[in-house]
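The block underneath contains the structure these notes are about, expressed in structure tokens.
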Amino acid sequence: MKHVLIFSLFLITFFSCKETRSEQIKVVTAEEMQDILDLEEVQLIDVRTPEEFNDGHITNAQNINFYSDTFEEDILKLDKSKPVILYCKSGRRSAACSEKLVEAGFVKVYDLKGGITQWKHQGLETNN
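Just so you know, we're using our numbering here: the sequence shown kicks off at 694 and counts up by one.
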């Protein structure tokens, strides 16, 4: 019985911490992201590799390679007071980066659901 109680407390703590972080990160669809780009002055960050970025990226995106040795330093060069929109290929790297930005004190973080794959699937424009 004691083990069940301890496990239950662990689960409650774990999920309540995750919920707090996810409230600071807004996962957006391609359409919602397009609206944000049209309405707000944002920092648009592509966290894919330079090779992926050069194969096509969203207009005005800045490339910060998630796998780079200087990744942590590079994201800290961004303006913490301005909204940031992150994307990658499918959403995994940008989700991990979103967490790092929240931990670093960024005020508004958006994460593109489905990454550039979803963006292209919706027929939205990219630069090659």
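C-beta: ideal position from N, C-alpha, C; glycine also.
- Runs of the beta strand (DSSP E) spanning 3 or more residues and lying entirely within the segment 721 to 784 occur at 736 to 739 and 777 to 780, in chain order.
- In this structure residue 791 touches residue 718 by the C-beta definition: roughly 5 Å separates them, less than 8 Å.
- For residue 793, the three-state secondary structure derived from DSSP is helix.
- Taking C-alpha positions only, residue 752 is separated from residue 746 by approximately 11 Å.
- Judged by their CB atoms, residue 740 and residue 778 are not nearer to each other than the 8 Å cut-off.
- Here the alpha carbon of residue 755 sits roughly 10 Å from the alpha carbon of residue 771.
- The continuous beta strand (DSSP E) containing residue 805 extends over residues 802 to 805.
- Rounded to the nearest angstrom, the gap between the Cα atoms of residue 784 and residue 774 is 23 Å.
- Note that the C-beta distance between residue 768 and residue 793 is below 8 Å.
- Beyond the five residues adjoining it in sequence on each side, residue 795 comes within less than 7 Å, by CB distance, of 714, 717, 718 and 802 in the same chain, given in chain order.
- No residue range can be given for residue 815, since it is assigned to no alpha helix (DSSP H) and is classified by DSSP as neither H nor E.
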